[in-house]
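Single-structure report; data block below.
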Amino acid sequence: MVITHVQYCLADHVSTNAELQQEFPEWDMGRVEAKSGILERHVAAGGETALDLAKRACRDLLLRASIEPHDVDGIVFCTQSPDHIMPSDAFLLHEFLELRHDTIAFDYNLACSGYIYGLAIVQGLIEIGLVRNVLLVTADTYSKYINKADRATRSLFSDAAAVSLISEARGGSSGVMDISLASSGKNHRSFYIPAGGCRLPRSDDTARESADEGGNVRSMNDIHMDGFAVWKFIATEVPKQIASVLARNNLTVDDIDLYVFHQASKLTLDSLTKALQIPCHKVYTNMASVGNCVSASIPIALADAAIEGRLRRGQLVLLSGFGVGLSWGTLLMRY
């Protein structure tokens, strides 16, 4: 399996730290910026969805990657902000791209670990001979779920979509060498939306807002993120997973050419870099200008790293994603 091409689309509207500071004078955006490393984030328009962004990214990929729609065998779509409860966004994208009837299409619900899980899913589909070329789509519009007065989430997340053309490896040294996936369901309340599902439908009661001890305003319809709890968990568990992947492949930290982590925040990436003693020049970051793009974060980073010449074919690359679930995954590959 090889990542043949990556294309992405950011929502057009850019929200800067200066704008947030002006809107909420009581927010210390200097402190937020120091911890998050984010200078601006992208916000979808009122009627714009993750599917709309995915359509734009897919259209661009098909043009630039010189692949025809009839050559696509599958759409695997990761999103937590679909257009409808049913059907899945993958089917709507299938219609938009006018793909073959025997092209498989389905969604799966994950957040910041979604790209790693998606690569694992696609690898399995390729290995059993069901597909040869797959569009792995990772897209979300978290702004639809964020309370405008919640500093913890509004300052972090961007609306974006990425599409990766994943193809069957045909000789050469490119391909996935190892994958490790993990889950901790008991920690799910540290990053979730309480209302809106079948368990607790949205209502006037769930729409009532309240402020937490940090001054973040939320209703039960909004994202609730305990940033410290999530950071502490990631800082503890993710380095262990990465170290395990390296050890079982007889590799050291220095053997990896490039580390591409989910662009959660500067604080998070600094913690991982320090815990694993990774040379800073081997860790790619682009969060300053794009924000935290959820499941699209890693592929967007891959695309930007390639454009900048930081990512090249033949390099040994380690990817790691972590977030809602709580869920985390690490992938080692020869790019």
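Residue numbers (this note's numbering): 31 to 365. The C-beta atom is built at its ideal place from N, Cα and C for all residues, glycine as well. Values in this document were obtained by computation on a predicted structure and should not be read as measured data.
Counting along the chain, where does the beta strand (DSSP E) carrying Asn163 start and finish? Under the DSSP assignment, Asn163 falls in the beta strand (DSSP E) whose first and last residues are Asn163 to Asp170.
Leu297 to Ser213, Cα distance in whole Å? Distance between the alpha carbons of Leu297 and Ser213: 22 Å.
Where the alpha helix (DSSP H) through Gln153 begins and ends: Gly144 to Glu157 is the extent of the alpha helix (DSSP H) around Gln153.
Could you tell me whether the stretch 235-248 touches the stretch 331-343, where touching means 3 or more Cβ pairs closer than 8 Å? With the cut-off at 8 Å, the stretch 235-248 and the stretch 331-343 do not touch.
Assumed close pair Gly104, Ile134 - CB separation to whole angstroms, cut-off 8 Å: Yes, they are in contact, since the Cβ atoms of Gly104 and Ile134 sit about 4 Å apart, within 8 Å.
Simplified DSSP assignment, three categories, for Ser220: The answer is helix: DSSP assigns Ser220 an H, G or I state.
Residues bridged to His100 [DSSP beta-bridge criterion]: None, per the DSSP bridge assignment.
Pairwise C-alpha distance: Ala179 and Arg364: Approximately 43 Å, taken between the alpha carbons.
Using the Cα positions of Asp101 and Ala48, report the straight-line distance between them to the nearest angstrom. One Cα belongs to Asp101, the other to Ala48, and the distance between them is close to 46 Å.
For Gly355, report the span of its alpha helix (DSSP H) as first-last. It is not in any alpha helix (DSSP H) - Gly355 carries neither H nor E in the DSSP assignment.
Can you give me the start and stop residues for the alpha helix (DSSP H) that Ile327 sits inside? Note that residue 327 is Ser in the sequence shown, not Ile. DSSP places Ser327 in the uninterrupted alpha helix (DSSP H) bounded by Ser327 to Ile337.
For Leu81, does the three-state DSSP call read helix, strand or coil? Leu81 falls in the helix class under three-state DSSP.
Nearest candidate by alpha-carbon position, reference Ala84, set Ser325, Thr168, Ala150 and Ala141: Of the listed residues, the one whose Cα sits closest to Ala84 is Thr168.
Would Pro269 be called buried (16 or more neighbouring beta carbons within 10 Å of its own) or exposed? It counts as buried.
CA-to-CA distance, Ala305 to Asp119, given in whole angstroms: The straight-line gap separating the alpha-carbon atoms of Asp119 and Ala305 is approximately 38 Å.
Just the Cα atoms here: how many angstroms apart are Ala64 and Cys310? Spanning the two alpha carbons is a distance of roughly 17 Å.
Classification of His124 by the beta-carbon crowding that lies within 10 angstroms, buried from 16 upward: Counting Cβ neighbours within 10 Å, His124 comes out buried, since at least 16 surround it.
Rounding to the nearest angstrom, what Cα-Cα distance links Asp252 and Thr183 in this structure? If you draw a straight line from the Cα of Asp252 to the Cα of Thr183, it comes to about 10 Å.
Quick check on the burial criterion: 16 or more other C-beta atoms within 10 angstroms. Buried or exposed for Lys233? Note on residue identity: the sequence assigns Ser, not Lys, to residue 233. Burial call: exposed.
Option in Gly321, Arg94, Asp189 and Phe126 with minimal Cα separation from Ala74: Comparing C-alpha distances from Ala74 to each of Gly321, Arg94, Asp189 and Phe126 shows the shortest one belongs to Asp189.
For the alpha helix (DSSP H) that contains Leu341, what are its first and last residues? Boundaries cannot be given for Leu341, as no alpha helix (DSSP H) includes it and DSSP labels it neither H nor E.
So, using beta-carbon positions, are Phe263 and Asn217 closer together than 8 Å? Contact: yes.
List the endpoints of the continuous beta strand (DSSP E) containing Ile33. Segment Val32 to Leu40, the beta strand (DSSP E) holding Ile33.
N-terminal and C-terminal residue of the alpha helix (DSSP H) that His124 is part of: Element bounds for His124: Asp119 to Leu127.
Between Asp170 and Ala318, which are expected to be in contact by the criterion C-beta below 8 Å, what is the C-beta distance as a whole number of angstroms? At roughly 20 Å, the Cβ-Cβ gap does not stay under 8 Å, so Asp170 and Ala318 are not in contact.
How long is the line joining the alpha carbons of Cys142 and Pro55, rounded to whole angstroms? Rounded to the nearest angstrom, the gap between the Cα atoms of Cys142 and Pro55 is 30 Å.
Could you pull out every residue in the same chain whose Cβ sits closer than 6 Å to the Cβ of Arg71, ignoring the five residues on either side in sequence? Excluding residues within five positions, the ones whose Cβ falls inside 6 Å are Ser45, Ser188 and Gly321.
Between the C-alpha atoms of Tyr175 and His35, what's the straight-line distance to the nearest angstrom? Taken atom to atom, the span from the alpha-carbon of Tyr175 to that of His35 is near 30 Å.
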